[in-house]
Every structure is written in C-alpha cells, then in structure tokens.
Ligand SMILES: [Zn+2]
Ligand SMILES: [Zn+2]
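In our numbering, the protein residues as written are 5 to 143.
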C-alpha cells in the first residue's frame, strides 16, 4: 500500500499489511487534524517507508511520551509514535491512496469526542486507551 500528502511532495509505502485500525477522538488528534477524530492503523516501524520528500517530513513532540510526523509543506499528518511502543507506528489511514482498504475496528478516547461528532457505528468505544494497550499500566 502507498500513500502521501496533500501537496504531493511526500510519499510513503507500507512494507506489510496494517492492522489494529481504529478511531482516536483525543484532543491532540483533533488539533493535529483539524477534525473531530483521526483514523489510524498500525505497522512495524521499519515497514513505514518514506519513498519521496523525506527531507520535508517534520517531527513534533505531540505529548510527553510521543511524537508525530507531518509534511512541512502542506501539513498532512502521517503518523504518530509513542515511546512505550517504539517497534510500531500508527499512521493516518486517510493518507493512503486507497483508504477504503483499511477499516477501523474501535474508538479510543471517546470521552473526549466533540458533542456533535457521535460515532454512528457499533464499534467498541473506550473512554481513553484500550485496557490492553502495550506499555501502559491500567489506571
Ligand atoms: Zn505535502
Ligand atoms: Zn488521538
């Protein structure tokens, strides 16, 4: 699978099939995307490969435990990575050339949803992280 940004400067390729796709309604995703939520899927870190415009890819510390990468020319958000899961990245499904091919299976940070952005599906909804999230102790 391949994807890229709005301006076309940055392109990437997935070296393996993504899994664990889901929606995130957290405030950081809202600000990062300008949308009520973002849809992510997961691949091993080495399997997300920038194939064009890598020098235009920016990095921002989006929390005290993670960072995001984006196109510095047009702003398209590509991926997020958290320190406690260094072996995987979560990329924005919508940036795939064919995003229909990866379907979200859950919602996280649903407690942070914008009131008018109720999900109209029957997927599992978690107020914050999923209970089994690797590297996080249940709170
Ligand atoms: Zn761009
Ligand atoms: Zn989020």
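For every residue, glycine included, the Cβ atom is placed at its ideal position computed from N, Cα and C.
If you're wondering where the values come from, they're calculated on a predicted model, not measured in any experiment.
- In this structure, residue 77 keeps its C-beta atom at 8 Å or more from the C-beta atom of residue 25.
- When DSSP states are grouped into helix, strand and coil, residue 131 belongs to the coil group.
- Residue environment for residue 64: exposed (fewer than 16 other C-beta atoms within 10 angstroms of its C-beta).
- Residue 30 and residue 9 have their alpha carbons spaced roughly 22 Å apart.
- One Cα belongs to residue 62, the other to residue 22, and the distance between them is close to 23 Å.
- If the five residues before and after residue 121 are omitted, its C-beta is found closer than 8 Å to the C-beta atoms of 29, 40 and 41, all from its own chain and listed in chain order.
- Annotated three-state conformation of residue 49 is helix, per DSSP.
- In the three-state reduction of the DSSP assignment, residue 107 falls in the coil class.
- Residue pairing by DSSP places residue 83 opposite 73 and 95 in a beta bridge.
- Taking the C-beta atoms as reference points, residue 16 is found no nearer than 8 Å to residue 49.
- In this structure, ligand 1 has no non-hydrogen atom nearer than 7 Å to the beta-carbon of residue 15.
- DSSP places residue 25 in the strand class (E or B) of the three-state scheme.
- Residues 13 and 14 of the same chain have their beta carbon placed closer than 6 Å to that of residue 57, with the five preceding and five following residues left out of the count.
- Of 81, 137, 100 and 123, the smallest CA-CA separation from residue 89 is found for 137.
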